[in-house]
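> The opening residue of the sequence shown carries number 1 in my numbering; numbering runs sequentially from there.
Glycine residues also receive a C-beta, built at the ideal position from the N, C-alpha and C atoms.
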Amino acid sequence: MMRSRDLLSLILSLLLVAALSVSSRAQAVYGSIFGTVTDPQGARVVGAVVTVTDLTKNVTTTAQTNESGNYTVTHLIPGRYSLKVEHQGYKIIIQEVEVRADVAARTDFSLGIETLTGQVTVTAETQRGSLKTDRADVSTTFETKQITDLPILDRNFTKFILLTPGTQQNQWQHAASENPQGSTQITVNGQHFSGTGYQLDGTENRDPILGIIVINPTLESVAEAKITTQNYDAEFGMAIAGVVTAQTKSGTNELHGSAFLFRRNDLTSARNPFTQSFRNPVTGKFIPDTLWNQFGGSLGGPIRKNKNFIFGDYQGTRRKNGGSVLTTVPTALARRGDFSEYPNQIFDPQTGDLMTGMGRTPFAGNRIPQDRLSPQVLNLLKLIPL
Numbered sequence: 001m002m003r004s005r006d007l008l009s010l011i012l013s014l015l016l017v018a019a020l021s022v023s024s025r026a027q028a029v030y031g032s033i034f035g036t037v038t039d040p041q042g043a044r045v046v047g048a049v050v051t052v053t054d055l056t057k058n059v060t061t062t063a064q065t066n067e068s069g070n071y072t073v074t075h076l077i078p079g080r081y082s083l084k085v086e087h088q089g090y091k092i093i094i095q096e097v098e099v100r101a102d103v104a105a106r107t108d109f110s111l112g113i114e115t116l117t118g119q120v121t122v123t124a125e126t127q128r129g130s131l132k133t134d135r136a137d138v139s140t141t142f143e144t145k146q147i148t149d150l151p152i153l154d155r156n157f158t159k160f161i162l163l164t165p166g167t168q169q170n171q172w173q174h175a176a177s178e179n180p181q182g183s184t185q186i187t188v189n190g191q192h193f194s195g196t197g198y199q200l201d202g203t204e205n206r207d208p209i210l211g212i213i214v215i216n217p218t219l220e221s222v223a224e225a226k227i228t229t230q231n232y233d234a235e236f237g238m239a240i241a242g243v244v245t246a247q248t249k250s251g252t253n254e255l256h257g258s259a260f261l262f263r264r265n266d267l268t269s270a271r272n273p274f275t276q277s278f279r280n281p282v283t284g285k286f287i288p289d290t291l292w293n294q295f296g297g298s299l300g301g302p303i304r305k306n307k308n309f310i311f312g313d314y315q316g317t318r319r320k321n322g323g324s325v326l327t328t329v330p331t332a333l334a335r336r337g338d339f340s341e342y343p344n345q346i347f348d349p350q351t352g353d354l355m356t357g358m359g360r361t362p363f364a365g366n367r368i369p370q371d372r373l374s375p376q377v378l379n380l381l382k383l384i385p386l
C-alpha cells in the first residue's frame with residue numbers, strides 16, 4: 001500500500017510536469033523580450049531594473065539583470081510595450097518594443113552616466129525587420145491590420161494559410177456534418193493536410209480524428225497569426241507539415257470595437273455559359289437569385305482599469321445560393337400520365353410477382369390511368385416550369 005508521503009510526492013510530481021508542459025506550450029502564443037545592459041565602456045551592468053509596461057493595459061512586469069548583465073521577460077501577450085531601464089548613477093532609458101507571438105525580441109541597452117542636471121529620459125523605437133538569429137524556422141506572421149484588411153474569401157481564417165509560400169488547397173472538403181466550422185483543408189509543402197498543427201491561445205486546436213481545425217476563429221477576434229512551414233521548434237511535436245498559431249484579442253484600458261457588413265448578390269455575377277439562355281419565368285433573370293450577407297463586430301474594454309479586461313465578438317452569415325443547371329423536365333403529356341412519347345414500355349407495378357417484378361402487365365398505350373396518379377406528385381409538377 002502506498003504511503004501518504006509517497007502519494008503526496010507523486011501528486012506534486014504530476015502537477016510539476018503539467019505546469020512545465022503548460023509553460024512550454026504557452027511559448028507558442030506569447031512573446032518575450034531579452035537583452036543585455038551595458039555602461040558607456042561596454043561593461044555589463046548588474047542589478048539594473050527593467051520595467052516592461054503594456055501600453056494598452058498599463059500592466060507592468062519587472063526584471064533585473066543578472067551577473068552577466070542579461071535580462072529576460074517572458075509570457076508577454078503580443079502588442080506594444082514600453083521598456084524602462086534604470087540603475088543608480090545612470091540615465092534612465094525608455095524604449096518601445098513590438099512583441100509578437102512565438103518571437104523573442106532582443107533589445108539591448110547602453111546606459112549613459114547620470115549628469116548633475118539630473119536624470120535624462122531617452123525614448124527610442126526598435127528597428128523592425130531585423131535578421132532573426134535566435135531560431136531557424138520559416139514562417140509568416142500576420143498582424144491585426146493585415147488580418148482585417150486583406151481580402152480573404154468568406155472571411156475564413158484558415159484561408160490565410162494560402163498566403164504562405166508552399167501551401168495549396170485540396171480539391172475536396174469534409175462534409176458540413178464533420179466540419180461545421182467550414183475550415184479549408186490545405187497541404188503544406190506537399191504533406192498531408194492532417195499533418196498541419198493548429199493552436200489557439202496556446203491550446204491544441206486540431207481534431208485528433210479528422211486532422212482539421214476545431215475552432216475556426218473569426219477575423220475580428222484574431223490579434224496575430226503565425227504560420228510556420230519549416231524548421232519549427234520541437235515544442236510543436238504533433239505536426240509534420242506546418243504549424244498555425246493564433247492569438248486572440250483582449251480588452252484594454254480603452255473601450256474599443258468594430259462592426260462590419262459584407263454583401264454580395266447576383267447583380268455583378270456572370271451567367272453560366274454552359275446553360276441555356278432562358279429567363280426565370282418568376283424573376284425574369286438569366287442568373288439564379290444569389291445573396292450572401294456576412295455581418296458582425298467586436299467589443300473590448302476594461303472591467304477594472306489596469307486589472308481586469310473583457311473582449312467578445314460575433315459573426316453571422318446568411319446565404320441564399322442559386323444554381324443554374326441544364327436538365328430535362330417532364331413534358332405536358334407526361335405530367336398527365338401519358339408516356340406514349342417515350343419509346344420504352346412502362347408496366348403496372350401492382351401486377352405480377354411483387355418480389356421479383358416478373359410477369360407485370362404493361363400499361364395500354366404507355367398511359368397511366370388518371371385514378372392511379374398521385375395527387376401529391378401532380379401538385380409538385382406544377383412547381384416545375386415547362
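Would you mind listing the alpha helix (DSSP H) stretches within the region 289-371 that are 4+ residues and don't spill past its ends, in chain order?
Listed in chain order, nothing qualifies, since the region 289-371 has no complete alpha helix (DSSP H) run of 4 or more residues.
> Cβ of residue 369 versus every heavy atom of the ligand MG: is any distance shorter than 7 angstroms?
Annotation note on the ligand MG: not contained in the displayed structure, which lists no ligands.
> Among residues of its own chain, excluding the 5 on either side of residue 317, which ones have a beta-carbon nearer than 6 angstroms to its beta-carbon?
Only 294 meet the Cβ criterion.
> Measuring alpha carbon to alpha carbon, tell me which residue in 239, 37, 300 and 386 is nearest residue 112.
Minimum Cα distance to residue 112 is reached at 37.
> Check each candidate in 159, 87, 264 and 342 and name the one with the smallest Cα separation from residue 51.
Here the closest residue by C-alpha is 87.
> For residue 323, which option in 270, 373 and 349 has the closest C-alpha, if you only look at C-alpha atoms?
Here the closest residue by C-alpha is 270.
> Determine, using beta carbons only, whether residue 224 and residue 301 come nearer to each other than 8 angstroms.
Contact flag unset, no.
> Is the Cβ-Cβ distance between residue 314 and residue 244 less than 8 angstroms?
It is not a contact, given that the beta carbons lie outside the stated cut-off.
> By Cβ distance, which residues of its chain are closer than 8 angstroms to residue 179, with the 5 residues on each side in sequence left out?
So the qualifying residues of the chain are 173, 210 and 212.
> State yes or no: is the C-beta of residue 40 within less than 8 angstroms of the C-beta of residue 139?
No.
> Under DSSP, the alpha helix (DSSP H) around residue 150 begins and ends at which residues?
Taken as a continuous stretch (DSSP letters only), residue 150 belongs to no alpha helix (DSSP H), as it is neither H nor E.
> Can you find the residues in the same chain that come closer than 7 angstroms, C-beta to C-beta, to residue 103, ignoring five residues on each side of it along the sequence?
Correct list, in chain order: 31.
> Evaluate residue 267 with the Cβ neighbour count: other Cβ atoms within 10 Å of its Cβ, from every protein chain shown; 16 or more gives buried, anything less gives exposed.
Its Cβ having fewer than 16 others within 10 Å, residue 267 is exposed.
> Given this structure, state the Cα-to-Cα distance separating residue 124 from residue 154, to the nearest angstrom.
Confidence at residue 124 is low in this model, with a pLDDT of 48, below 50, so its placement is unreliable and the value that follows should be read with caution. For residue 124 and residue 154, the distance between alpha carbons rounds to 40 angstroms.
> For residue 171 and residue 156, I'd like the C-alpha separation in whole angstroms.
Their Cα atoms are separated by approximately 17 angstroms.
> Of the choices 34, 281 and 227, whose alpha-carbon is the least far from that of residue 99?
Comparing Cα positions, the closest option is 34.
> DSSP puts residue 270 in a beta bridge; with which residues?
The partner list for residue 270 (beta bridge, DSSP) is empty, contrary to what the question assumes.
> Three or more beta-carbon pairs under 8 angstroms between the region 281-290 and the region 178-195, yes or no?
Judged by Cβ distances under 8 angstroms, the region 281-290 makes no contact with the region 178-195, as fewer than three pairs qualify.
> Within a Cβ cutoff of 7 angstroms, which residues of the same chain sit near residue 281, ignoring the five residues on either side of it in sequence?
Around residue 281: 385.
> Please state whether DSSP places residue 139 in a helix, a strand or coil.
Looking at residue 139 - three-state DSSP - the assignment turns out to be strand.
> Assess, as a yes-or-no matter, whether the region 48-64 is touched by the region 228-235 under the definition of 3 or more beta carbon pairs within less than 8 angstroms.
No, they do not touch.
> Provide the residue span of the alpha helix (DSSP H) that contains residue 376, from first to last.
Unbroken alpha helix (DSSP H) run through residue 376: 375-381.
> Would DSSP call residue 91 helix, strand or coil?
If DSSP states are grouped into helix, strand and coil, residue 91 belongs with coil.
> Please tell me whether residue 348 has its Cβ less than 8 angstroms away from any Cβ of chain B.
Among the protein chains of the structure shown there is no chain B, as only one such chain exists.
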